[in-house]
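A.B. asks:
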Amino acid sequence: MSVRATIFAGLLCSLVGRTAMAQDRPGFGAFELAGSWEGVRGESPFGEGLPVDSTGIPLNDEGRIRALSYNESQLSMVERQCIGWPDYYLLGGAVFGLKIWAETDPIKGSVISYTVGAWEDRPEMKIWMDGRPHPSEYAGHTRAGFTTGVWEGNTLVTYTTHMNAGILRRTGAPSSDEAKLTMRFYRYGDLMTVLGFIEDPIYLAEPWVVSNTYRASVTSVLPTGPPCLTAYEGSIGDTAPHYLPERNPFINEMTDKYGVPRDAVVGKPETLYPEYRKKIPTK
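FYI, this note's numbering numbers position 69 of the sequence shown as 69, with every residue one higher than the one before it.
Structure, rendered in structure tokens:
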């Protein structure tokens, strides 16, 4: 082999090695996700609201029936006390902060996973960055589910499956154990926006799009727990508290108090779009 061919082969091997190294680093060239993030007030898609409030949620007919049958006394039942805080609750209000840390490969320096610490009753969320596949569809479900992530430029995209059934909002809009969550983490200066797409073939007519914004903090903004703990809260009978169809006594509260159309209160998908304003009667 000539000297020129030898040099070319060496440069080619070096280029291939550097490319493989870059591809082996899921966060190569991306922003630093690990650290403490405090909530920026102004966004609260999971807020308390009135007893019947599914505004902004594109429920299908089955989801609407479930939401209107919901009675808040269900949260006193031991087996239901932790259903309201799945992974997507990290999108749920400025009162929450995030503490995120990374686990790195000691040899390569690449990120194996990020962990979003638990807060109040929301479970700890592990984001696997090492390319592992999601479990079988028949694998067990948990409150935290199973999450993988990949960097698309300077945006972290995560995908969560295998979550337990829960509720989308504390007023009872449901989510099934077939729900999927896709999130995109963007950073602009000291602000990070998390955009979430919640898909549920059982209870949603289309994806529910929600977001929350956080600001980088130089101090630790929250502890990493505790998880949701159940406790006996007294007997409430042998059946789950609920309302029969067309018997929910609170269905007109938002309409009477704020003038919100009934279709919007019960989460009809068309009410999410600007064109719906043309259907609202004016005085």
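Ideal Cβ placement from N, Cα and C applies to all residues, glycine included. Please read these numbers as outputs of a predicted model, since none were measured by experiment.
Going by the beta-carbon positions, is the gap between residue 81 and residue 230 smaller than 7 Å?
C.D. replies: Yes, Cβ-Cβ distance for residue 81 and residue 230 is below 7 Å.
A.B. asks: Please state if the CB of residue 98 and the CB of residue 78 are separated by a distance shorter than 7 Å.
C.D. replies: Taking 7 Å as the Cβ cut-off, residue 78 and residue 98 do not qualify as a contacting pair.
A.B. asks: Helix, strand or coil: how does DSSP classify residue 67 here?
C.D. replies: Three-state result, residue 67: helix.
A.B. asks: Could you pull the DSSP bridge partners for residue 250 from this structure?
C.D. replies: Paired residue(s): none; residue 250 is not in a bridge.
A.B. asks: Write down the C-beta distance between residue 144 and residue 125 rounded to the nearest angstrom, noting that I regard them as a contact closer than 8 Å.
C.D. replies: Contact holds; Cβ gap of about 6 Å.
A.B. asks: Can you tell me which of 204, 149, 175, 162 puts its alpha carbon nearest to the alpha carbon of residue 183?
C.D. replies: Comparing Cα positions, the closest option is 149.
A.B. asks: Go to residue 216, then tell me how far its beta strand (DSSP E) extends in each direction, as first and last residue.
C.D. replies: Here the beta strand (DSSP E) through residue 216 covers 208 to 217.
A.B. asks: Can you tell me which of 181, 269, 257 puts its alpha carbon nearest to the alpha carbon of residue 63?
C.D. replies: For the residues 181, 269, 257, the minimum Cα distance to residue 63 belongs to 269.
A.B. asks: When you compare each of 271, 51, 160, 201 to residue 243 by their alpha carbons, which one comes out closest?
C.D. replies: Checking every option, the nearest Cα to that of residue 243 belongs to 51.
A.B. asks: How far does the alpha helix (DSSP H) with residue 265 in it reach, from first residue to last?
C.D. replies: Here the alpha helix (DSSP H) through residue 265 covers 262 to 265.
A.B. asks: Please check the pair residue 211 and residue 37, which I expect to be a contact at CB under 8 Å, by giving their CB distance rounded to whole angstroms.
C.D. replies: Their Cβ separation, rounded to whole angstroms, is 14 Å, which puts residue 211 and residue 37 out of contact at 8 Å.
A.B. asks: Is the segment 52 to 71 touching the segment 257 to 265 in the sense that three or more CB pairs, one from each, lie closer than 8 Å?
C.D. replies: Contact between the segment 257 to 265 and the segment 52 to 71 is present, because at least three Cβ pairs lie under 8 Å.
A.B. asks: Assign residue 220 to one of two classes, buried (16 or more other C-beta atoms within 10 Å of its C-beta) or exposed (fewer than that).
C.D. replies: It counts as exposed.
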